[in-house]
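Written out below as structure tokens is the structure these notes cover.
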Amino acid sequence: MLTDFGYILLFIIAALILLGVMLTIAKFLRPHNPNEEKLTTYESGEDPLGNANIQFNVRFYVVALIFVLFEVELLFLFPWAVVFGNKELIEQTEGQWGWFAMAEMTVFIGILILGLAYAWAKGYLDWVLPKPQIPEVKSPVPADLYAKVNERYKK
-15 MLTDFGYILL
-5 FIIAALILLG
5 VMLTIAKFLR
15 PHNPNEEKLT
25 TYESGEDPLG
35 NANIQFNVRF
45 YVVALIFVLF
55 EVELLFLFPW
65 AVVFGNKELI
75 EQTEGQWGWF
85 AMAEMTVFIG
95 ILILGLAYAW
105 AKGYLDWVLP
115 KPQIPEVKSP
125 VPADLYAKVN
135 ERYKK
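Numbering (my numbering), first residue to last: -15 to 139.
Put into structure tokens, the structure is as follows:
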């Protein structure tokens, strides 16, 4: 007879086996026809110039992180909106619940506004695209080897 942990172990083993089977089947069923367009580097809408082993403008990542931060914090507004007007809570607290909830959300949104003002003042939201420059990368791999690999995948 299995304990509760035994059932959990069986579910984990079954999940791993099912995952392996699905990945194996997918490997045999999927098409594999790479071409030059599919193998090119793509990063945040910028066309690649030169070697792919370069750093991109950090503003792409900063703007993305700020977006995710504010998006996740915005998700906290939905549960608040659901319980804000709850009659039972308002009656149980003799009307204090509404004021407490409003003050709490005012502080929360105020912190968000301060964060946005800080990011704006620091210039993190300014979108300045630098002039594209082909970087000089010293690679131990000869350039003609890259050309051979690119020739292999041309149509």
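All C-beta atoms, glycine included, are put in the ideal place defined by N, C-alpha and C.
Note that the structure is a prediction, hence the values are computed from the model and not measured.
Distance, ILE93 Cα to GLY79 Cα: Here the question's residue 79 lines up with position 95 in the sequence shown. Here the question's residue 93 lines up with position 109 in the sequence shown. Whole-angstrom Cα-Cα distance: 22 Å.
In chain order, each alpha helix (DSSP H) run of at least 4 residues that lies wholly inside the stretch -12 to 30: -12 to 13, 20 to 23
Opening and closing residue of the alpha helix (DSSP H) in which GLU75 lies: Along the sequence shown, read from residue 1 onward, the residue named residue 75 stands at position 91. DSSP places GLU75 inside the alpha helix (DSSP H), whose first and last residues are 71 to 76.
Limits of the alpha helix (DSSP H) - the one that GLN80 falls within: Position 96 of the sequence shown, counting from 1, holds the residue named residue 80. 80 to 106 is the span of the alpha helix (DSSP H), which, as asked, contains GLN80.
For PHE68, the first and last residue of its enclosing alpha helix (DSSP H): Taking the first residue of the sequence shown as position 1, residue 68 is located at position 84. Element bounds for PHE68: 61 to 68.
Through-space distance from ALA85 to LEU109, alpha-carbon basis: Within the sequence shown, residue 109 is the residue found at index 125, counting from 1. Within the sequence shown, residue 85 is the residue found at index 101, counting from 1. Rounded to the nearest angstrom, the two C-alpha atoms are 31 Å apart.
Collapsed DSSP secondary structure at LYS122 in the structure displayed: Numbered from its first residue, the sequence shown carries residue 122 at position 138. Coil, per DSSP.
The stretch 96 to 109 touching the stretch 43 to 53, judged by at least three CB pairs closer than 8 Å: yes
Alpha carbon of PRO126 to alpha carbon of THR8, nearest angstrom: As a working mapping, residue 126 is identified with position 142 in the sequence shown. As a working mapping, residue 8 is identified with position 24 in the sequence shown. Each residue's Cα considered, the two are about 36 Å apart.
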